[in-house]
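Colleague:
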Amino acid sequence: ILTAFPDAKVSGGRGGGTDIEACVAGQHWRWDEVEFTVLHGVSEEPDSQTQGASLNDGSCVLLVNIGVQSVLLPGDISREIERKLATISGGHLRANVLIAAHHGSDTSSGYPLLKTTSPQYGIFSAGYRNGFGHPHQRVLSRFSSLDISTLASFEAGMISFELTGSGIVSPPEAYRCSNRHYWSWSGNRELCRYLCRYEIQTLQLGALW
1 ILTAFPDAKV SGGRGGGTDI EACVAGQHWR WDEVEFTVLH GVSEEPDSQT
51 QGASLNDGSC VLLVNIGVQS VLLPGDISRE IERKLATISG GHLRANVLIA
101 AHHGSDTSSG YPLLKTTSPQ YGIFSAGYRN GFGHPHQRVL SRFSSLDIST
151 LASFEAGMIS FELTGSGIVS PPEAYRCSNR HYWSWSGNRE LCRYLCRYEI
201 QTLQLGALW
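Residue 1 is where the sequence shown starts when you use the numbering used here, and the numbers rise one by one after that.
1) The alpha helix (DSSP H) with Leu114 in it runs from where to where?
2) If we ignore side chains and look at the alpha-carbon of each, how far apart do Cys23 and Ile77 end up?
3) Which residue spans inside the stretch 116 to 180 form an unbroken alpha helix (DSSP H) run of at least 4?
4) Going by other Cβ atoms of all chains shown within 10 Å of its Cβ, with 16 needed for buried, is Ile159 buried or exposed?
5) At which residues does the beta strand (DSSP E) containing Thr37 begin and terminate?
6) Determine the direct distance from the alpha carbon of Ile88 to that of Asn179, and round the result to whole angstroms.
7) In its own chain, which residues sit with a C-beta less than 7 Å from the C-beta of Gly127, not counting the 5 before and 5 after it?
8) In chain order, what residues of the same chain have a beta carbon less than 7 Å from the beta carbon of Gly26, not counting five sequence neighbours either side?
9) In whole angstroms, what separates the C-alpha of Arg138 from that of Ser145?
10) For Leu72, which beta-bridge partners are listed by DSSP?
11) So, using beta-carbon positions, are Gly90 and His134 closer together than 8 Å?
12) Between Glu173, Val42 and Arg129, which has its C-alpha nearest Leu163's C-alpha?
13) So, with DSSP's three-state summary, where would you put His28?
14) Which of helix, strand or coil does DSSP assign to Ala22?
15) Does DSSP put Gly58 in a helix, in a strand, or in coil?
16) Would Leu55 and Leu63 be called neighbours here (beta carbons separated by less than 8 Å)?
17) For the alpha helix (DSSP H) holding Ile88, just list the boundary residues, first then last.
18) Whole angstroms is fine: what's the gap from Arg30's alpha carbon to Asn65's?
19) CB Leu85 to CB Val61, shorter than 8 Å?
20) Can you tell me whether DSSP reads Ile1 as helix, strand or coil?
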């Protein structure tokens, strides 16, 4: 991406490098009807609580708003930072779509943030059979206990949401379902039945399901 856009301005968290501008809580910008707000980033004046923080806790936390709809991208922050964000927001931090922090690690996605954001969808960005075991079963259980629908990139491929000012155009689209060849197996049957925008089960090929 940077090769294609060499003049792009890049913001990042702790450990991002000298060519990357540090993201700082409070940064805000607007692009057409979409608003972007940094809720957490690199502290300009680290105190005793943040000096020893890991690189993960220096992640940029970005809230994207489209009208009354929102998407929260928390980077790799831990449950401790999640709890702080939930507390600071006074319970008013909402997100229709939540990208699970740290790929679904059990060090993240605690109940305080999940209950505060109350997302409709939780997305896990993780590789197939990754060595870290992401997403962790306890994390999946926390999402499930709050009736949050979850999708994982290793199963669904690219996951696309269409948001408008009034709501999410549902269901989201999973690349491995919408671009599935009839002779190949790709993803979970129930996932594709739920997500595919076309009624593939009504076709003659439905027997393959």
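Beta carbons: idealized from backbone N, C-alpha and C, even for Gly.
Modeller: Taking the structure as given:
1) Tyr111 to Thr117
2) 14 Å
3) 137 to 145, 153 to 156 and 175 to 178
4) buried
5) Val34 to His40
6) 42 Å
7) Phe154
8) Val38
9) 10 Å
10) Leu63 and Leu98
11) no
12) Glu173
13) strand
14) strand
15) helix
16) no
17) Arg79 to Ile88
18) 9 Å
19) yes
20) coil
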